[in-house]
Every structure is written in C-alpha cells, then in structure tokens.
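Residues in the sequence shown are numbered from 21 upward in steps of one, following the numbering used here. Data first, discussion second: the structure below is written as structure tokens.
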Amino acid sequence: LRNGKRGGAAADSNLDVGQPVQVLTWHENGAARVAYRGAEWDAEPESADMPHEGVFYIKAIQGASLILTPHKPKHH
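Listed below in structure tokens is the structure:
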C-alpha cells in the first residue's frame, strides 16, 4: 500500500545522503569536483577547516551541489 507520499527529487536526494563520493579535485576556493553515480558533481565541504584527505560522504544537497562530510551520516 502507498502512504500518500510522492517519490520525487526529495525522496531521491534522501537516498543520496550517506553515500560515499570520490573527490576528483579540490579547488583553491575550497570547493571540490566529485564523481558520484557515474557523473561529475560540484561539491562543498561542510566546514572550511575540513581536511581534504580521506573518504567523504554526502551530508546534504543544496541546489546542484553536494555537501560533503568525512563522517558517514546516519539515516533517520
């Protein structure tokens, strides 16, 4: 049975939260270019002092940019 919720883009973006991404390059302004789902995306760190090494996960999506965190977010 359906619960009445529609499955549009918001539902898809919730599935993206917590997924790992591969950072392709870091830019001088702190932004990054990442590979995710077979495409390249613009991304930003969750904080300016976040290290640029290690594994990164999607914390949120703002517009067309992924917000990255070094800690795997927990689903609610």
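For each residue, glycine too, the CB sits at the ideal point set by N, CA and C. Since the model is a prediction, treat every value here as computed from it, not as a measurement.
Simplified DSSP state of residue i, which is helix, strand or coil
i: D69; result: coil
i: L35; result: helix
i: V105; result: A query on residue 105 cannot be resolved here, the shown segment of the chain reaching from 21 to 96 and no further.
i: A84; result: coil
i: K79; result: strand
Distance, residue j Cα to residue i Cα
i: H47; j: E64; result: 10 Å
i: P93; j: N34; result: 11 Å
i: E73; j: P40; result: 13 Å
Nearest-angstrom Cβ-Cβ length linking residue i and residue j, presumed shorter than 8 Å
i: I81; j: D36; result: 6 Å
i: A52; j: T45; result: 7 Å
Nearest candidate by alpha-carbon position, reference residue i, set the options
i: D69; options: Q42, W61, A59 and T89; result: T89
i: W61; options: G74, A84 and K94; result: A84
i: S160; options: G58, H91 and R57; result: Past the edges of the chain, shown from 21 to 96, lies residue 160, and the structure says nothing about it.
i: A59; options: Q42, P71, G74 and H72; result: Q42
C-beta atoms of residue i and residue j nearer than 8 Å
i: G38; j: I78; result: yes
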